[in-house]
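Q:
Protein chains: 2
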Amino acid sequence: MAGIDTNSPIPKYYQLKEIIRGMIESEELQEGQLIPSERELCERYGISRMTARQAIMELVNEGVLYREQGKGTFVAGKKVQQEAARLTSFTEDMRERGMAVSSTVLEMEVEPAGPVVARFLRVDEGERIIRLKRLRNADGEPMALETSHLLYDVARGTLEVDMSKSSLYEELRRGGVSISHAEQSYEAALVGEADAEVLGVAPGSPALLIERVTFDAKGRAFEYVRSVYRGDRYRITSVLRV
Amino acid sequence: MAGIDTNSPIPKYYQLKEIIRGMIESEELQEGQLIPSERELCERYGISRMTARQAIMELVNEGVLYREQGKGTFVAGKKVQQEAARLTSFTEDMRERGMAVSSTVLEMEVEPAGPVVARFLRVDEGERIIRLKRLRNADGEPMALETSHLLYDVARGTLEVDMSKSSLYEELRRGGVSISHAEQSYEAALVGEADAEVLGVAPGSPALLIERVTFDAKGRAFEYVRSVYRGDRYRITSVLRV
DNA sequence: CATGTATAATGGTCTAGACCGGGTAGAGGA
DNA sequence: TCCTCTACCCGGTCTAGACCATTATACATG
Chain A
570 MAGIDTNSPI PKYYQLKEII RGMIESEELQ EGQLIPSERE LCERYGISRM TARQAIMELV
630 NEGVLYREQG KGTFVAGKKV QQEAARLTSF TEDMRERGMA VSSTVLEMEV EPAGPVVARF
690 LRVDEGERII RLKRLRNADG EPMALETSHL LYDVARGTLE VDMSKSSLYE ELRRGGVSIS
750 HAEQSYEAAL VGEADAEVLG VAPGSPALLI ERVTFDAKGR AFEYVRSVYR GDRYRITSVL
810 RV
Chain B
570 MAGIDTNSPI PKYYQLKEII RGMIESEELQ EGQLIPSERE LCERYGISRM TARQAIMELV
630 NEGVLYREQG KGTFVAGKKV QQEAARLTSF TEDMRERGMA VSSTVLEMEV EPAGPVVARF
690 LRVDEGERII RLKRLRNADG EPMALETSHL LYDVARGTLE VDMSKSSLYE ELRRGGVSIS
750 HAEQSYEAAL VGEADAEVLG VAPGSPALLI ERVTFDAKGR AFEYVRSVYR GDRYRITSVL
810 RV
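Chains as they are written, first to last, in the numbering used here: chain A, 570 to 811; chain B, 570 to 811.
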């Protein structure tokens, strides 16, 4: 089992979070199963209890674990049943579907905002924007073509990160962005010729076109994403309430 | 200003949470305003920093506050009121979009459940089902082709109703069905030849395929609907939260 | 005037303990 | 056999510090 690197710039609690997440994904820990207690994690990884606690509490907040006083901490069931559509990144979405994520960065540029992007992000035309176009693969096969437009000030930290390996949202969170909510739209469309080749489907194949504007805790729109999902591989499910 | 009661069984961090919440509600602290720093709260209320931190972090998780390293902690803006996707009928959906609804009943039959319908409705194959196929128009033009499969016992009252004029959900509610929630999936597809003619589009046009299983308050699945929406006319928007 | 630079403040992470109340399983007694 | 009590483990709360990175500001230097 991987340990915790004290000299790493990555916080210990974060390392522990990833370790626990890994154990759940590898099914070393299964749904409903008791995970090691806080005190046992402290001892095993040589960290203090408050640090172990922070890792666990964040996973509880994310719905990955749940706790019962006096009993212990358990792996939560898949929460597909529970909630209506949640705001997730592609990485998180695929992880919940149990698929392996990989990405290819096709374009990453700093450029002035055009009229469409400026309107969605509520900034002036010409404002500096990072445009990140990625091919997103699930289980090794193309799933979506995603073009994000990000406020330069918010996302400039990601320019030095290899976005083919990182989750944009995780990077942004690490960079101090507090992601709050998004307005998203879904539309059926056909795959165009250029996109078809990249996605590995025939032109005119069905596609789900998803547009999203994401807001931070201050209510500022910091991201406009336009994604083309392969209709033959992607389907959205959600629970609706009256 | 109220203080913190050390002898109270209510945890200190929780008392502080309520104090801060109160200051926001009384507008002593306003949107976007800096709140006292962790260290200042410690001193003012005679608690340790980790305790003050817990109060603040929970309010951050709840979206009441947001933090910026090196700057401070601020009061977040009021949350967007708009809701995530609600469970609505076609009639309600179009009414909210400000479009006029009309329908044509194409088929309405009582028939035994086939394997697919039986699985979705969690009944045995051969169980009596009402199948209702309608063309749904918005502002006089075809919008969707909708095929509902309903448990006979639940929906037999609708057999005597002119479903080209009535809302299915309103009729069911009138018949005593308490609609609770639904599991819905969205998928991109192409319009087939038969459907194309009815929908008034070319075969191979983009379509949004929506499947829904609707449950009543007892948790019984009573409806399975499969709808084909015209991709050129229909788009779904919703607000997602973290 | 522009440009660094020291300083102080903030939140972020972390430690090594402490006591509390809830839950459970085993020991001992009826 | 069955019940009760107790010891132990669990998470929940809390302390009093520590060092770090980020940020703003005031000041000194070119």
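We put the CB at the ideal spot given by N, CA and C, even for glycine.
Grab the span of the beta strand (DSSP E) containing B/Met592 for me, first residue to last.
A: No beta strand (DSSP E) holds B/Met592; the alpha helix (DSSP H) holding it covers 581-594.
Q: Does the CB of B/His852 have a neighbour CB from chain A at under 7 Å?
A: Examination of residue 852 of chain B is not possible in this model, given that chain B is present from 570 through 811 alone.
Q: Can you tell me where the beta strand (DSSP E) holding B/Asn706 begins and where it ends?
A: Segment 697-707, the beta strand (DSSP E) holding B/Asn706.
Q: Throw me the rounded Cβ distance for the A/Ser595 and A/Ser658 pair, which I believe falls under 8 Å.
A: Wrong, their Cβ atoms sit about 21 Å apart, outside the cutoff.
Q: Let me see if you follow: with CB-CB separation under 7 Å, is B/Glu756 close to chain A or not?
A: Judged by the 7 Å Cβ criterion, B/Glu756 is in contact with chain A.
Q: Could you spell out where the alpha helix (DSSP H) holding A/Pro711 opens and where it closes?
A: Run containing A/Pro711: none in the alpha helix (DSSP H); it sits in the beta strand (DSSP E), 710-720.
Q: In chain B, which residues lie less than 7 Å from A/Glu559 when you measure between Cβ atoms?
A: With chain A running from 570 to 811 in the structure shown, residue 559 of chain A is simply not present.
Q: Hey, out of A/Leu809, A/Lys787, A/Arg781, whose CA is closest to B/Val782's CA?
A: Selected option, being the one with the closest Cα: A/Leu809.
Q: Against chain A, with Cβ distances strictly below 7 Å, would B/Tyr635 count as a contact?
A: Chain A, which has a Cβ nearer than 7 Å to the Cβ of B/Tyr635, makes this yes.
Q: Within the same chain, show all residues whose beta-carbon is closer than 6 Å to that of A/Arg705, passing over the 5 residues directly before and after it, in chain order.
A: Cβ within range, chain order: Phe659, Ser672, Met712, Ala713, Glu715.
Q: Indicate whether the contact test is met: 3 or more Cβ pairs, each with one atom in the region 581-596 of chain B and one in the region 618-634 of chain B, closer than 8 Å.
A: Yes, the region 581-596 of chain B is in contact with the region 618-634 of chain B.
Q: Can you tell which of A/Val723, A/Gly800, A/Ala724 has the C-alpha that lies nearest to the C-alpha of A/Val770?
A: Looking at the Cα atoms, A/Gly800 is the closest of the given residues.
Q: If I follow the unbroken beta strand (DSSP E) through A/Ala532, where does it start and stop?
A: Nothing can be reported for residue 532 of chain A: it is not among the residues displayed for chain A, which extend from 570 to 811.
Q: Out of B/Ser717, B/Ala707, B/Gly667, B/Asp662, which one is the CA nearest neighbour of B/Ala682?
A: The candidate whose alpha carbon is nearest that of B/Ala682 is B/Ser717.
Q: With DSSP as the reference, please indicate the residues paired to A/Thr660 in a beta bridge.
A: A/Thr660 is not bridged to any residue.
Q: Run the CB neighbour count on A/Tyr803, radius 10 Å, all protein chains shown included, and call it buried at 16 or more, exposed below.
A: Buried, by the Cβ-count rule.
Q: Judging by CA-CA distance, which residue of A/Ser747, A/Thr620, A/Leu598 is the nearest neighbour of A/Arg608?
A: Minimum Cα distance to A/Arg608 is reached at A/Thr620.
Q: Is the Cβ-Cβ distance between B/Leu690 and B/Tyr793 less than 7 Å?
A: The answer is yes: Cβ separation under 7 Å.
Q: Examine chain A for any beta-carbon lying closer than 7 Å to the beta-carbon of B/Val811, and answer yes or no.
A: Chain A contact via Cβ: present.
Q: Beta-carbon within less than 7 Å of B/Pro684's beta-carbon, same chain only, minus the 5 sequence neighbours each way: which residues are those?
A: So the list reads Glu694, once near-sequence residues are dropped.
Q: Per the contact definition of three or more C-beta pairs closer than 8 Å, is the region 748-765 of chain B in contact with the region 775-789 of chain A?
A: Contact between the region 775-789 of chain A and the region 748-765 of chain B is present, because at least three Cβ pairs lie under 8 Å.
Q: Tell me A/Phe784's beta-bridge partners as DSSP assigns them.
A: Partner(s): A/His750, A/Ala790.
Q: My output table needs one value for A/Ile625: the three-state DSSP class, helix, strand or coil.
A: In the structure shown, A/Ile625 sits in a helix (DSSP, three-state: H, G or I).
Q: For the alpha helix (DSSP H) holding A/Glu607, just list the boundary residues, first then last.
A: Start and end: 607-614.
Q: Reducing DSSP to helix, strand and coil, say where B/Arg655 ends up.
A: Reduced to three states, the DSSP call for B/Arg655 is strand.
Q: Going by the beta-carbon positions, is the gap between A/Phe791 and A/Val723 smaller than 7 Å?
A: Yes.
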